[in-house]
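Basically my numbering = 1-based index in the sequence shown + 439.
Glycine is no exception: its CB is placed at the ideal position from the N, C-alpha and C atoms.
The structure under discussion appears below in the form of structure tokens.
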Amino acid sequence: MDRGRVTRRRARLAARGVPRRAAWALAGLVVWSLAACTAPATPAPSATGQQVEVLTWWASGAEKLAMDVLVQQFRAAHPDVTYVDGSVVGGAGSVAKDVLGSRLANHDPPDTFQVHGGAELAAHVEAGQVQPLTDLYDRLGLTDVLSPAVLDLVSVDGVPYAVPVDVHRANLLWANTAVLVAAGLDPTARYDSLDSWLDALSAVRASGHVPLALGSTWTQVHLLEAVLLSRLGPQAYAGLWDGTTDATSPAVATAVGDFARLLGYTNPDRDSLDWQDAATLVANGDAAFTVMGDWAQQVLDPPVVWAPFPGTEGVDDVVLDAFAVPVGAPHPDGAEAWLTTIAGAETQAAFANAKGAAPARADVPMTALDTYPRTAFLALRSGVRVPSLAHGMAAPPDALTEITDVVARLANGTASTSQLQAALAEAATPAATPAASTP
Ligand code: BGC
């Protein structure tokens, strides 16, 4: 990103008085500062003429099945409102966010859209693109059932702008234990540092398997984020986004160098794969490891196991999914009906079980949750929390776009690690970045 653009963005933020976001209060340190395009089908209008078009990227595979849980609950609760599928295929919203941007620019908004909390949502608020949801929050009593940490991620200046539906954890390492055994490695080993894991990757390579399955660019940024977190630790990782960590420091240079080295252990066809395809390489025993969020447990079964990414034990790299209502939404009543459904405790429990996530509501009983969502719920409460870069929580969208672009060029050999460091240095936005919190 050119310096002028960064400066203009910062000036804009400062002029609007965008504040440092409030601290998480649940647990741990947190620093925060937000396919094809499937044209919505035109279903028959409901008897009352009400409808809601929902733009989401949970459009295929296990994610679509989880989305179907929300849709079923919605249809049962609001039989008079027609659900219009505005889904867009592409992991992590890699395509949906562009489609949304075009539609908002063309004054053709959906009724509600999926958005990450933190910096990504804050950017929509700053651009005046989303409606405040204070009345809905009051009516549903939502402020009382969300942890301060979660509430903070969907609010700007104390005003809620989205309804959160789940919370994911990004920093997980997935390993096919059969492939590890074939490589002469201990399948029960936990790697407490990047160095010990790099040794394991070399052993896998020597055995003839792909050491690390990787997908297209957003998954590469996901890997970069895990490496930064591992090498820098949670505090300094989080400091990258509010400028308290110097991104040009030798420690960051080491991490970026490690990331570049790791790319050398990956599958050559990575740019043509989404995260599910990379996960499948591990599931099929073609690759030993992949680094992906906990949503991958819906597609990975034993002998594939997960552990915190090396050197990030006890840290929860948070990805929060929410839905917001754009300004000018054509069917605001339909949008409200959708948000009311997904805000419900029973819906959130059912969705968490289908998605492999923690529910966003703090009051969902543990007994309603399956094993993994329970684990995730506990990790969220007890872990040291940091915001995910790749999933829009840590840095504003234009900064993430720039980092993503440089990562893509680094991967294809047309950018250097120092250019990536420079892009990281440009991403820090003190005014708009979530603040730190401890238990
Ligand atoms: C979303 C998850 C989703 C993942 C892969 C993340 O950005 O928050 O809900 O499963 O991307 O699409």
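- Each of 603, 858, 671 and 650 was checked against the Cα of residue 721, and the nearest Cα belongs to 650.
- The beta carbon of residue 507 sits no closer than 6 Å to any heavy atom of the ligand BGC.
- Shown here, residue 771 sits in a helix according to DSSP, grouped into three states.
- For residue 612, the enclosing beta strand (DSSP E) has its first and last residue at 611-615.
- Taking the C-beta atoms as reference points, residue 553 is found nearer than 7 Å to residue 762.
- Judged by DSSP secondary structure, residue 674 falls within the alpha helix (DSSP H) whose first and last residues are 656-681.
- Taking 6 Å as the cut-off, the C-beta of residue 758 counts as close to a heavy atom of the ligand BGC.
- Of the other Cβ atoms in all chains shown, fewer than 16 fall within 10 Å of the Cβ of residue 515; this residue is therefore exposed.
- Of the candidates 627, 533 and 577, the residue whose Cα lies closest to the Cα of residue 779 is 577.
- Exclusion of the five residues before and after residue 684 leaves 675 and 678 as the residues of its chain whose Cβ lies within less than 6 Å of its Cβ.
- Here the alpha carbons of residue 749 and residue 632 stand approximately 5 Å from one another.
- Buried is the label assigned to residue 618, since at least 16 other Cβ atoms lie within 10 Å of its Cβ.
- The stretch 681-699 and the stretch 743-758 do not touch, with fewer than 3 CB-CB distances between them shorter than 8 Å.
- Burial of residue 673 is indicated by the presence of at least 16 other C-beta atoms within 10 angstroms of its C-beta.
- The Cβ atoms of residue 829 and residue 664 sit closer than 7 Å to each other.
- Checking the 6 Å criterion, the Cβ of residue 734 is within range of a heavy atom belonging to the ligand BGC.
- Per DSSP, residue 606 is one residue of the beta strand (DSSP E) stretching across 602-608.
- When only Cα atoms are considered, residue 545 and residue 768 end up about 13 Å apart.
- Straight across, the Cα-Cα distance linking residue 818 with residue 614 is about 20 Å.
- Contact between residue 662 and residue 701 is confirmed by a C-beta separation of about 7 Å, below the 8 Å threshold.
- A distance criterion of 6 Å places the beta-carbon of residue 661 beyond contact range of the ligand BGC, judged by its closest non-hydrogen atom.
- Inter-segment contact for the stretch 793-802 and the stretch 858-866 is absent: fewer than three beta-carbon pairs are separated by less than 8 Å.
- In the structure shown, residue 555 falls within a strand segment according to DSSP collapsed to helix, strand and coil.
- Annotated three-state conformation of residue 730 is strand, per DSSP.
- Per the Cβ contact rule, the stretch 581-589 is not in contact with the stretch 695-714 (fewer than 3 Cβ pairs under 8 Å).
- Taking 4 residues as the minimum length, the alpha helix (DSSP H) runs contained wholly in the stretch 533-592 are 535-544, 558-565, 573-579, 581-584 and 587-592, in order along the chain.
- Ranking 816, 670 and 807 by CA distance to the CA of residue 751 puts 670 first.
- A straight line joining the alpha-carbon of residue 586 with that of residue 535 spans about 28 Å.
- A residue is called buried when at least 16 other Cβ atoms come within 10 angstroms of its Cβ; residue 773 meets this threshold and is buried.
- The DSSP-derived three-state label of residue 705 is strand.
- Proximity of the stretch 838-847 to the stretch 802-814 falls short of the contact definition, fewer than three beta-carbon pairs being nearer than 8 Å.
- DSSP, read as helix, strand or coil, puts residue 638 in helix.
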